[in-house]
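Listed in order, the protein sequences are those of chains A and B. The numbering of the first sequence is the numbering used here, which starts it at 2 and goes up by one. The numbering of the second sequence is the numbering used here, which starts it at 2 and goes up by one. The beta carbon of each residue, even a glycine, is placed where N, CA and C say it ideally should be. Note that this is a predicted model, so its numbers are computed, not measured.
There are 2 protein chains.
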Amino acid sequence: MIERVCIVGAGVIGSLFAGHLASVCEVTVLTRRREHAEALNREGLRITGRSERQARVRAATDPSELPEPDVVIVATKASGLRPALEALSGHYPRATVVTVLNGLGAEEMVREHGDWQIVSGVTFMSGTRHSDTHVEYILDTETWLGPYEDIPFERVREIAELLESAGLKVEALPDLRPAQWSKLVFNAAVNPVAALTGLPHDWHFAAEEDPFDLGHLVHGLIDEGKAVAASAGIELHDDPWEMNVLATRRGSAHYPSMLEDVEARRPTEIDLITGSLLREAERHGVPVPLHAAVHALVKGKEASW
Amino acid sequence: MIERVCIVGAGVIGSLFAGHLASVCEVTVLTRRREHAEALNREGLRITGRSERQARVRAATDPSELPEPDVVIVATKASGLRPALEALSGHYPRATVVTVLNGLGAEEMVREHGDWQIVSGVTFMSGTRHSDTHVEYILDTETWLGPYEDIPFERVREIAELLESAGLKVEALPDLRPAQWSKLVFNAAVNPVAALTGLPHDWHFAAEEDPFDLGHLVHGLIDEGKAVAASAGIELHDDPWEMNVLATRRGSAHYPSMLEDVEARRPTEIDLITGSLLREAERHGVPVPLHAAVHALVKGKEASW
């Protein structure tokens, strides 16, 4: 039985989990900023858009101020993962920790900080943050969960069922890596191109009719990413180019998080997303000149601030 | 004897020519905007920075309102070239037309509009435009001139001497293409990277110590450009990588025009600069994946406005 879930990181994704789960279990929220925790305790959490919720949650910046949960969902940004794990370290020893971050390697970093059972996650949900206590749910797409190390698959299924009962779309997979890699290859193509052009993820990303159309670059990035995945022995769960084409055909163009970061002049997730791919490419000796190029350009953009 | 020079396009480069030449001959200026011509007629043209001049010029938007010149210097932006030539067409039949634009192909476009003798030019001067009548001279670097088609080299030298007597640095070369291509390969690497990162042309562009440093991308772009030049049978006048390293070691970082265009959300010269290189690459069957990538990204950026 899962009676209490702690959400770590109340950005868009964390808030969507918290707002939904509060309808089926007790939800605690661990935030980085004290004002954020205070606002959540005072006003609760409001979800609008694809679903409408007004959730009561109990929030704090220190895990010892919150009751022990059965499940911890870590949904920080890449840059917030290490500080969040340092705060969690030594707490909640009986909890199962679910990682829902972009890129690769979050599970290894969780393991460095504790002996928790770990579930790997990847989510395709998206939303827009309106305030500390209000998130708009934009894409009600799936979250995929899979076992990490020797956790029983039954436990993964149990968490998946809880999320489903809360109104979220979820799938439990015996091996998550094909899905993680599909998302990585997709993100590593779409996010830097959006960040560098200023375009939301719209039709330009799939356009290949004219020889100079942007879709050729996106396709080239995806082909490099697929070559890295193949060399790493991964059979992709979904074809990232098809994911790209399908996503651009949705009604409203999604604003990739790296574009939001660039517009707000915040550090981006480029080291996690493209960096993961560059490291795997080097390990397997796969040339990835286009990924190296967009990586250098996004890093240059960060350096210009 | 050159007694009168008409400057077409009074941006930074055109203004630097006009402001200096007015000390040794009569100068007329053809502008696109009527207010610009009126301001020049009223206030004259002020040069500050590397040299200080206050020049009297006679300006208009219609060539028939100006006395016939011996030499026309066309210094428009790429996007302004065709309209300027349409205005010039049928006028000044005895004048020698000097083209001083980025990229390749300006001379062919001039030829389409008239039977003038043509001199090819490329300039490394730079400056900052403070108003319609005030330009600051930043880099007092050279202008190179060379013959186009069957114009006598003596005529090229005569124009070079005039510019020199006006206080500008100039060199007459029997074949300008090696210099044009050096500048093209240099510009095609530096301008899009500046436009996409927001960085002025600073030390990042030459940094190659860390495997992820931006200099690797700049070097990769330059190597592709050099391969295209070699296939086109051009022996470069200067090594573009050395030009890049030298320029980043100057005291103050230059703000490339494509970065200025992007910040002002104006159409950039990407089709002229990188486009020239992509067309030559295709003609000679040279792969240029990095140039294709930055071209697609800058076009995407333009599409995002």
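List the residues of chain A whose Cβ lies closer than 9 angstroms to the Cβ of residue i, in chain order.
i                      : result
residue 285 of chain B : Near residue 285 of chain B there are no residues of chain A at all, since even the closest Cβ is about 16 angstroms away, more than 9 angstroms.
List, in order along the chain, the chain B residues whose C-beta lies closer than 7 angstroms to that of residue i?
i                      : result
residue 294 of chain A : 218, 291, 294
residue 205 of chain A : 301, 304
residue 200 of chain A : 301, 304, 305
residue 226 of chain A : Result: empty, since nearest Cβ-Cβ is about 14 angstroms, beyond 7 angstroms.
If you drop the 5 nearest sequence neighbours on each side, which residues of the same chain put their C-beta closer than 7 angstroms to that of residue i?
i                      : result
residue 202 of chain B : 191, 195, 248, 249, 254, 255, 257
residue 1 of chain B   : The structure shown does not extend to residue 1 of chain B, since chain B is modelled only from 2 to 306, so the question has no answer here.
residue 209 of chain A : 216, 217, 220
residue 303 of chain B : 268, 269
residue 72 of chain B  : 3, 6, 96, 97, 99, 160
residue 37 of chain B  : 11, 133
residue 273 of chain B : 79, 103, 104
Roughly how many whole angstroms lie between the Cα atoms of residue i and residue j?
i                      : j                      : result
residue 42 of chain B  : residue 61 of chain B  : 8 angstroms
residue 1 of chain A   : residue 112 of chain A : No answer is possible for residue 1 of chain A: it lies beyond the span of chain A, which begins at 2 and ends at 306.
residue 104 of chain A : residue 237 of chain A : 15 angstroms
residue 220 of chain B : residue 70 of chain B  : 43 angstroms
residue 239 of chain A : residue 125 of chain A : 13 angstroms
residue 222 of chain A : residue 19 of chain B  : 47 angstroms
residue 143 of chain A : residue 288 of chain A : 32 angstroms
residue 1 of chain B   : residue 280 of chain A : Outside the modelled stretch of chain B, which goes from 2 to 306, sits residue 1 of chain B, for which no answer is possible.
residue 127 of chain B : residue 14 of chain B  : 7 angstroms
residue 56 of chain B  : residue 241 of chain B : 35 angstroms
residue 49 of chain A  : residue 131 of chain A : 10 angstroms
residue 217 of chain B : residue 167 of chain A : 49 angstroms
residue 116 of chain B : residue 39 of chain B  : 30 angstroms
residue 64 of chain A  : residue 282 of chain B : 60 angstroms
residue 268 of chain A : residue 262 of chain A : 7 angstroms
residue 198 of chain A : residue 129 of chain A : 20 angstroms
residue 305 of chain B : residue 26 of chain B  : 46 angstroms
residue 270 of chain B : residue 106 of chain B : 13 angstroms
residue 235 of chain B : residue 225 of chain B : 14 angstroms
residue 169 of chain B : residue 108 of chain B : 23 angstroms
residue 301 of chain B : residue 284 of chain A : 32 angstroms
residue 232 of chain A : residue 286 of chain B : 30 angstroms
residue 58 of chain B  : residue 21 of chain B  : 11 angstroms
residue 94 of chain A  : residue 243 of chain A : 41 angstroms
How would you list, in chain order, the residues of chain A whose beta-carbon sits under 7 angstroms from the beta-carbon of residue i?
i                      : result
residue 213 of chain B : 296, 297, 300
residue 122 of chain B : What residue 122 of chain B touches in chain A: nothing, since even the nearest Cβ is about 28 angstroms away.
Which bits of chain B does residue i rub up against, with CB to CB less than 8 angstroms?
i                      : result
residue 194 of chain A : 298, 301
residue 1 of chain A   : Any property of residue 1 of chain A remains undetermined from this structure, which presents chain A solely from 2 to 306.
residue 128 of chain A : By Cβ distance, chain B contributes nothing, its closest Cβ being about 22 angstroms from residue 128 of chain A, past 8 angstroms.
So which residues of chain A does residue i contact, with C-beta pairs closer than 8 angstroms?
i                      : result
residue 197 of chain B : 197, 298, 301, 302
Closer than 8 angstroms by C-beta to residue i: which residues in its own chain qualify, once you throw out the five before and the five after it? Chain order, please.
i                      : result
residue 51 of chain B  : 138, 139, 140, 141
residue 10 of chain B  : 31, 32, 33, 75, 76, 77, 78, 81, 85
residue 175 of chain A : 147, 148, 154
residue 12 of chain A  : 76, 77, 78, 130
For residue i, I'd like the list of residues in its chain whose CB is within less than 6 angstroms of its CB, leaving aside the five on either flank, ordered along the chain.
i                      : result
residue 173 of chain B : 146, 157, 158, 161
residue 118 of chain A : 97, 152
residue 171 of chain B : 144, 161, 164, 165
residue 44 of chain B  : 134
residue 246 of chain A : 207
residue 205 of chain A : 215
residue 298 of chain A : 197
residue 260 of chain A : 195, 196
residue 90 of chain B  : 114, 115
Quick one: is the Cβ of residue i within less than 6 angstroms of any heavy atom of the ligand HEM?
i                     : result
residue 23 of chain A : This structure simply doesn't include the ligand HEM, nor any ligand for that matter.
Going along chain B in order, which residues have a C-beta closer than 9 angstroms to the C-beta of residue i?
i                     : result
residue 81 of chain A : Within 9 angstroms Cβ-Cβ: nothing; residue 81 of chain A doesn't reach chain B, min ~22 angstroms.
Of the residues that make up the region 232-245 of chain A, which ones have a beta carbon closer than 9 angstroms to any beta carbon in chain B?
Listed by position along the chain: nothing, the set is empty.
With a threshold of 8 angstroms, are at least 3 pairs of Cβ atoms found where one atom belongs to the region 75-90 of chain A and the other to the region 31-49 of chain A?
The region 75-90 of chain A makes contact with the region 31-49 of chain A: 3 or more CB pairs, one atom from each, lie closer than 8 angstroms.
Using a Cβ cut-off of 8 angstroms, which residues of the region 83-105 of chain A contact any Cβ in chain B, in chain order?
If the cut-off is 8 angstroms between Cβ atoms, the region 83-105 of chain A has nothing near chain B.
Members of the region 167-178 of chain A that neighbour chain B once the beta carbon cut-off is set at 7 angstroms
For chain B, none of the residues of the region 167-178 of chain A brings a beta carbon within less than 7 angstroms of one of its beta carbons.
Mind listing which residues of the region 9-20 of chain B have their C-beta closer than 7 angstroms to chain A's C-betas, in chain order?
Here the close residues number zero.
Under 7 angstroms, CB to CB, which of the residues in the region 46-63 of chain B have a partner in chain A?
Residues of the region 46-63 of chain B that bring their beta carbon within less than 7 angstroms of a beta carbon in chain A are absent altogether.
For the region 140-158 of chain A, enumerate the residues whose C-beta is nearer than 9 angstroms to any C-beta of chain B, in chain order.
Of all residues in the region 140-158 of chain A, none has a Cβ within less than 9 angstroms of some Cβ in chain B.
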